[in-house]
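Engineer:
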Amino acid sequence: MSDEKLLVVKDLKTTFDTANGLLPAVGGVSFDLDRNETLGIVGESGSGKTVLSRTIMGLQPRTKVSVTGSAVIDGFEVVGASENDKRKIWGTEVAMVFQDPMTSLNPVMRIGKQIDEALRVRLGMDKAAAKARAIELLELVGIPSPQERYDAYPGMLSGGMRQRVVIAIALACSPKLLMADEPTTGLDVTIQAQILNLLDELKDRLKMSVILVTHDLGVVATRTSRIVVMYAGRIVETGNTRDVFYHHRMPYTKALLESSPKVSNHSHTRLVTIPGRPPNLLNLPDGCAFAPRCSYATDQCHLVRPELEPSSEPGHTFACWNPLPVNEEGALA
Amino acid sequence: MKRLVLLVGIVFIISVGSYYLIHLLPGDPAVVVLGFGATPAAKAAFYAQVGLNKPFYLQYFVWMGHVLHGNLGTSFITGDTVLSKIRSALPIDLEIIFLSQILAFAAAIPAAMRSARKPDGVVDRILGASSFTLLSIPPYIIVVFAVLLISIKLGLAATGPSAYVGFGTSPLNNLESLSLPAVTLAIGSFVVYYRVLRSDLIATLQEEFITMARSKGLSQRRIMWRHAFRPSSVALLGAASVNIGGLLAAGFVVQYLLAIPGLGYTLIAAINNDDFLLVQGIVLVVSVGVVLINFIFDFIINVVDPRISRE
Amino acid sequence: MSNVRLAEIQILEGSRKKGEPLGILFWICVGWIALNVFVAIFANVLPFQNPLNEDFTALNAAPSLHHLFGADDLGRDILARVAYGSRVSISVGIGAMIIGFGVGAPLGMLAAYRRGRFDAILTTVMYVMLAFPAIIATIAVLSFWTPRSLTKIIIVIGVASIPLVYRVIRTATLSVATKDYVVAAKVQGATDRRILMKELLPNIAPIGISFLLIGIATVVTLEGALAFLGLSVTPPTPSWGNMINEARTILQTNPWLVIFPSLALCLFLLCLNFIGDRIRTHFDVTEVKL
Chain A
1089 MSDEKLLVVK DLKTTFDTAN GLLPAVGGVS FDLDRNETLG IVGESGSGKT VLSRTIMGLQ
1149 PRTKVSVTGS AVIDGFEVVG ASENDKRKIW GTEVAMVFQD PMTSLNPVMR IGKQIDEALR
1209 VRLGMDKAAA KARAIELLEL VGIPSPQERY DAYPGMLSGG MRQRVVIAIA LACSPKLLMA
1269 DEPTTGLDVT IQAQILNLLD ELKDRLKMSV ILVTHDLGVV ATRTSRIVVM YAGRIVETGN
1329 TRDVFYHHRM PYTKALLESS PKVSNHSHTR LVTIPGRPPN LLNLPDGCAF APRCSYATDQ
1389 CHLVRPELEP SSEPGHTFAC WNPLPVNEEG ALA
Chain B
997 MKRLVLLVGI VFIISVGSYY LIHLLPGDPA VVVLGFGATP AAKAAFYAQV GLNKPFYLQY
1057 FVWMGHVLHG NLGTSFITGD TVLSKIRSAL PIDLEIIFLS QILAFAAAIP AAMRSARKPD
1117 GVVDRILGAS SFTLLSIPPY IIVVFAVLLI SIKLGLAATG PSAYVGFGTS PLNNLESLSL
1177 PAVTLAIGSF VVYYRVLRSD LIATLQEEFI TMARSKGLSQ RRIMWRHAFR PSSVALLGAA
1237 SVNIGGLLAA GFVVQYLLAI PGLGYTLIAA INNDDFLLVQ GIVLVVSVGV VLINFIFDFI
1297 INVVDPRISR E
Chain C
24 MSNVRLAEIQ ILEGSRKKGE PLGILFWICV GWIALNVFVA IFANVLPFQN PLNEDFTALN
84 AAPSLHHLFG ADDLGRDILA RVAYGSRVSI SVGIGAMIIG FGVGAPLGML AAYRRGRFDA
144 ILTTVMYVML AFPAIIATIA VLSFWTPRSL TKIIIVIGVA SIPLVYRVIR TATLSVATKD
204 YVVAAKVQGA TDRRILMKEL LPNIAPIGIS FLLIGIATVV TLEGALAFLG LSVTPPTPSW
264 GNMINEARTI LQTNPWLVIF PSLALCLFLL CLNFIGDRIR THFDVTEVKL
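Chains A, B and C supply the protein sequences, listed in that same order. Take any residue in the first sequence, note its place counting from 1, add 1088, and you have its number in this note's numbering. Take any residue in the second sequence, note its place counting from 1, add 996, and you have its number in this note's numbering. Take any residue in the third sequence, note its place counting from 1, add 23, and you have its number in this note's numbering.
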């Protein structure tokens, strides 16, 4: 059992039925995840990464959405599963950390109770045991004076603290997979590092797999073993983190990397931006979705959409007709 | 506590207002009491006796003084004290309101929860359409038709269901006699509560902490009742406060139609009899009551949602 | 009365159904209202019988070719009385709302926009007036201010509705006036008058119109209630309210006298409420979460 992959996603498609037509937020995504592995899903806003994360969990809205394909978590097929069935894995097999801790915590319920709830309802603990465990969890995520904080309302805590509470709730039932959707966006930079370190630490201690969904490459650079780069609802490049960072083939990846400001840049270096705007998913162009903005685009790029093809490195695939060239060692020329 | 001061202030102004209003009205108490043939001299004597010849503000203070001592005056017409009349009539109104609200909430809350879970579903649409229709039917028409139906079905005389019976006399008959006004008022309240709660629930359900609760594996039922309801109940309480405040007066016509001796009936009878003091007393009591109700509700809302008190 | 409370709450909280299309039901209702108004205005040139004409051969008659809606206990044609009765109800509704909106709306908008002492004083006054149950004041005043006339009724109800209109319009204006685009216009140096006309008014208009319609419905309901207390127009002038009131005593002998005016009244109210509600949801452009 432990040799099997924890998560296998095959050709997952999520389509929204909107007032303006069908919107293919996720247009066919496949990847897998090992146990104890950390995967990064990277993309701009609108790339479909959030929708992907929710669809994998089965948390997409219940109406006006259609999901096809497959997402199997530890043997459980999420796509097409009933709400009742999905409820069985929520919390105990998979858990999610959301982006904005202010809105993901119930503002009128004490945080202790919110953690208790998971323990009592899902694990059947009694009141006293749940409270004890909740305090343990608060300590685990690094909240000082957990006994007093237990009775606090979310509004009384700082952003970083709240996010820790959210993580505590997610971990309450010891899930095998933690889906973290932009867990640090909106937090102060110093807090960001703390939260990410916390996740690292917990992942090792509790033997969890983590999927980090973010637009910030800095976040995934040192903390993930593999990366998936998304654009317009599809994967455009994926592989080991190192490979993608240093030997990327798809120009979008290059553009993404270049547009993050680096501390090593001289002052007054102009910020590099990607020209143009993300495509309108309701009206995707033929061919590669990135072609209109790509400086390497050829005619073929505008006509036919490239599929993922392997590169010379194991596990590293990309979707591009005109990929960036490599030399013999595999480094970028 | 600032609110308490505000409350007192409003009550004060209302009492002045109601006193002034009554005095503005045409109709001469002297004539009422002494008859049309009263001579000017007799009238003057009457005014002096009753204190109506003093300047206005003085009259007001005298009156207020009486009021604060619990003396709302003695009616010229009937001889009973205003206070005793109000005392016997008020509980009836309160009971009707109480019953109607129980019915309204008991129906509206489950209905709204059901609709919010599946918006635009079959149940939701039916409830929406019928609630809208009900909203448009004035209560007195409901009463008229209800009476018609009851008299047809039960073969009773078309004067209506059994006359009012006090609670002490017979609880069961009491409830029966008040059932029609209670239901009539409940319908209007139900529509308001249902729509407000439904709309707020739908909004709350879109919030992220609900998705989070879902991701914890909690059941639908638990999510609806323990997570969605509480924030939404604030809106419901707000609606309740607006609604109940108006219910006191709204029930008047219905009472009158069914000859139920609540404040409404008493007020209208008093107006018809030119019983100024009684009218004044009732107006004061009702106005103060409405303000008090709003005040109490504001207070409750603060308890339920700690966010508001911190703002 | 509950439709006013509901409308106010919904206006204050914002709607959830954004940009909903008006739909065919909407236009059907508009048509019905238009028909009612048309009949009210042109009743005397349309082929109705004389509503005051007592026909002794048709006392309490059931509907027939001669009396399409039947006849009442004095032999008067119900259809004609319903038609003429619409005059009372509609003129009360529109007249009172003209007063209420004519005074309450500009004051509300001004107060919300200017704020400061003007707003504070005016609002306090209005809120105190609101605390005073309008129905009671209306009943009291109308009972004593005899002889009754349609004009007096319109005035009394109109004045009584001013505080409510004031409150709703003021709240609506407040929520719009604090929006960024209004502040931006101000910063750009637009005159107050320009801001009022170009920024505030178009955004408040849907709410205003919606509330206006619902207000008319409420006033018409109120007229009915007054009729039940004998405080509406004096007989033999027909109004929907006093027809239903008269019918109460003879329910079993002549159900038509109750049914038709009630139907007329309820349908009128239903259409008004519906149109008012639809206008509000159709024009309410707040962001939707994806």
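For every residue, glycine included, the Cβ atom is placed at its ideal position computed from N, Cα and C.
#1: So that I know if they touch, is there some Cβ in chain F lying closer than 7 Å to that of A:N1371?
#2: Using a Cβ-Cβ distance under 7 Å, would B:Y1190 count as near chain C?
#3: Among residues of its own chain, excluding the 5 on either side of A:I1203, which ones have a beta-carbon nearer than 7 Å to its beta-carbon?
#4: Looking at C:E77 and C:L91, is the spacing between their C-beta atoms short of 7 Å?
#5: Any Cβ of chain C within less than 7 Å of the Cβ of B:I1133?
#6: How is C:T260 classed by DSSP in three states: helix, strand or coil?
#7: In chain B, which residues lie with their C-beta within 9 Å of the C-beta of A:R1250?
#8: Taking the alpha carbon of A:T1106 as the reference point, which residue from A:R1358, A:G1146, A:V1117 and A:S1154 has its own alpha carbon closest?
#9: So for B:G1184, helix, strand or coil by DSSP?
#10: Whose Cβ in chain C lies nearer than 7 Å to the Cβ of B:T1129?
#11: What span of residues does the beta strand (DSSP E) with A:M1267 cover, start to end?
#12: With a cut-off of 8 Å on the beta carbons, I'd call A:E1132 and A:D1162 a contact; round off their distance for me.
#13: What number of angstroms, rounded off, separates the C-alpha of A:K1291 from the C-alpha of A:G1179?
#14: Is any beta-carbon of chain C found at less than 7 Å from that of B:A1209?
#15: Under 7 Å Cβ-Cβ, which residues of chain C neighbour B:L1086?
#16: Starting from C:T196, follow the alpha helix (DSSP H) in both directions and report where the run begins and ends.
#17: In chain order, what residues of the same chain have a beta carbon less than 7 Å from the beta carbon of C:L293, not counting five sequence neighbours either side?
#18: Note down the Cα distance separating C:R303 from C:Y189, rounded to an integer number of angstroms.
#19: Given that a residue counts as buried once 16 or more other Cβ atoms are within 10 Å of its Cβ, and exposed if not, what is A:Y1340?
#20: From the DSSP output, which residues share a beta bridge with A:R1322?
#21: Let's see if you can read the secondary structure: which residues bound the alpha helix (DSSP H) around A:S1170?
#22: Under 7 Å between C-beta atoms, does C:T146 make it to chain B?
#23: Check the Cβ-Cβ distances between C:G247 and every residue of chain B, and say whether any is below 7 Å.
#24: Within the 7 Å Cβ cut-off, does B:S1283 reach chain C?
#25: I'd like to know if A:G1209 contacts chain B, where contact means its C-beta is closer than 7 Å to some C-beta of that chain.
#26: Can you give me the start and stop residues for the beta strand (DSSP E) that A:P1112 sits inside?
#27: Kindly list the residues whose CB is nearer than 7 Å to the CB of C:G108, restricted to its own chain and excluding five residues on each side of it in sequence; keep chain order.
#28: Let me see if you follow: with CB-CB separation under 7 Å, is C:I192 close to chain B or not?
#29: Taking only three categories from DSSP, how would you classify C:N314?
#30: For the alpha helix (DSSP H) holding A:T1126, just list the boundary residues, first then last.
#31: I'd like to know if B:F1295 contacts chain A, where contact means its C-beta is closer than 7 Å to some C-beta of that chain.
#32: On the criterion of 16 or more Cβ atoms from any shown chain inside 10 Å, does A:W1409 qualify as buried, or is it exposed?
#33: Quick check: the stretch 176–193 of chain C against the stretch 148–167 of chain C, are there 3 or more CB pairs under 8 Å?
#34: Are three or more beta carbon pairs between the stretch 1273–1284 of chain A and the stretch 1117–1133 of chain A nearer than 8 Å?
#35: Measure the alpha-carbon distance for A:R1198 versus A:S1246 and round it to whole angstroms.
#36: Counting contacts by CB-CB distance shorter than 7 Å, is B:V996 in contact with chain C?
Structural biologist: Let me lay it out:
#1: The structure shown contains no chain F; its protein chains are A, B and C.
#2: Position 194 of the second sequence, counting from 1, holds the residue named residue 1190 of chain B. Not an interface residue.
#3: In the first sequence, residue 1203 of chain A corresponds to position 115, counting from 1. So the qualifying residues of the chain are A1222, L1225, A1256, I1257 and A1260.
#4: For the purposes of this step, residue 91 of chain C is taken as the residue at position 68 of the third sequence. For the purposes of this step, residue 77 of chain C is taken as the residue at position 54 of the third sequence. It is not a contact, given that the beta carbons lie outside the stated cut-off.
#5: In the second sequence, the residue the question calls residue 1133 of chain B occupies position 137. It does: the Cβ of B:I1133 has a partner Cβ on chain C nearer than 7 Å.
#6: Residue 260 of chain C sits at position 237 when you count from the first residue of the third sequence. Coil.
#7: Walking along the first sequence from the start, residue 1250 of chain A turns up at place 162. Correct list: empty, because the minimum Cβ distance to chain B is about 11 Å.
#8: Position 18 of the first sequence holds residue 1106 of chain A. Minimum Cα distance to A:T1106 is reached at A:S1154.
#9: Numbered from its first residue, the second sequence carries residue 1184 of chain B at position 188. B:G1184: helix per DSSP, three-state reduction.
#10: Taking the second sequence and counting its residues from 1, one reaches residue 1129 of chain B at position 133. Near B:T1129 (Cβ distances below 7 Å), the residues of chain C are L293.
#11: In the first sequence, counting from the first residue as 1, residue 1267 of chain A sits at position 179. Run containing A:M1267: L1265 to D1269, per the beta strand (DSSP E) assignment.
#12: The residue given as residue 1132 of chain A occupies position 44 in the first sequence. The residue given as residue 1162 of chain A occupies position 74 in the first sequence. 31 Å between Cβ atoms; not a contact.
#13: Counted from its first residue, the first sequence places residue 1291 of chain A at position 203. Counted from its first residue, the first sequence places residue 1179 of chain A at position 91. Those two C-alpha atoms are separated by around 16 Å.
#14: Residue numbering aside, residue 1209 of chain B sits at position 213 when the second sequence is read from its first letter. B:A1209 does not count as touching chain C.
#15: Within the second sequence, the letter at position 90 stands for residue 1086 of chain B. Neighbours of B:L1086 on chain C: none; closest Cβ ~15 Å, over 7 Å.
#16: By 1-based counting over the third sequence, the position of residue 196 of chain C is 173. In this chain, the alpha helix (DSSP H) harbouring C:T196 covers L173 to A200.
#17: For this step, residue 293 of chain C is matched to residue 270 along the third sequence. Hits under 7 Å: none found.
#18: Position 280 of the third sequence, counted from the start, is the residue given in the question as residue 303 of chain C. Position 166 of the third sequence, counted from the start, is the residue given in the question as residue 189 of chain C. Straight-line measurement puts the Cα of C:Y189 at about 18 Å from the Cα of C:R303.
#19: Along the first sequence, one-based indexing puts residue 1340 of chain A at 252. When all chains shown are included, A:Y1340 counts as buried.
#20: Counted from its first residue, the first sequence places residue 1322 of chain A at position 234. Answer by DSSP bridge pairing, in chain order: A:Y1319.
#21: By one-based count along the first sequence, residue 1170 of chain A stands at place 82. Looking at the DSSP string, A:S1170 is not in any alpha helix (DSSP H), and its letter there is neither H nor E.
#22: Within the third sequence, numbered from 1, the residue matching residue 146 of chain C stands at position 123. So, not an interface residue.
#23: Stepping through the third sequence from its first residue, residue 247 of chain C is reached at position 224. Taking Cβ atoms only, chain B reaches closer than 7 Å to C:G247, which makes this a yes.
#24: The count along the second sequence starts at 1 and reaches residue 1283 of chain B at position 287. Answer yes: the Cβ-Cβ gap between B:S1283 and chain C drops below 7 Å somewhere.
#25: Here residue 1209 of chain A refers to the residue found at position 121 of the first sequence. Note that residue 1209 of chain A corresponds to Val in the displayed sequence, not to Gly. Cβ-Cβ to chain B under 7 Å: yes for A:V1209.
#26: As a working mapping, residue 1112 of chain A is identified with position 24 in the first sequence. A:P1112 -> beta strand (DSSP E) spans G1109 to L1121.
#27: Taking the third sequence and counting its residues from 1, one reaches residue 108 of chain C at position 85. Cβ-Cβ distances below 7 Å link C:G108 to P261, S262, W263, M266 and P284 in the same chain, with the five nearest sequence neighbours on each side left out; the list follows chain order.
#28: For the purposes of this step, residue 192 of chain C is taken as the residue at position 169 of the third sequence. No, no contact with chain B.
#29: The question about residue 314 of chain C has no answer, for chain C in this structure spans 24 to 313.
#30: Sequence index remark: in the first sequence, residue 1126 of chain A carries index 38 (1-based). Here A:T1126 belongs to no alpha helix (DSSP H); instead the beta strand (DSSP E) covers T1126 to V1130.
#31: As a working note, residue 1295 of chain B is residue 299 in the second sequence. No, because no Cβ of chain A sits closer than 7 Å to the Cβ of B:F1295.
#32: As a first step, residue 1409 of chain A must be located in the first sequence, where it is residue number 321. When all chains shown are included, A:W1409 counts as buried.
#33: Contact between the stretch 176–193 of chain C and the stretch 148–167 of chain C is present, because at least three Cβ pairs lie under 8 Å.
#34: The answer is no - the stretch 1117–1133 of chain A does not touch the stretch 1273–1284 of chain A, with fewer than three Cβ pairs under 8 Å.
#35: Position 110 of the first sequence holds residue 1198 of chain A. Position 158 of the first sequence holds residue 1246 of chain A. Near 14 Å, if we compare the C-alpha coordinates of A:S1246 and A:R1198.
#36: For residue 996 of chain B there is no data in the structure shown, the boundaries of chain B being 997 and 1307.
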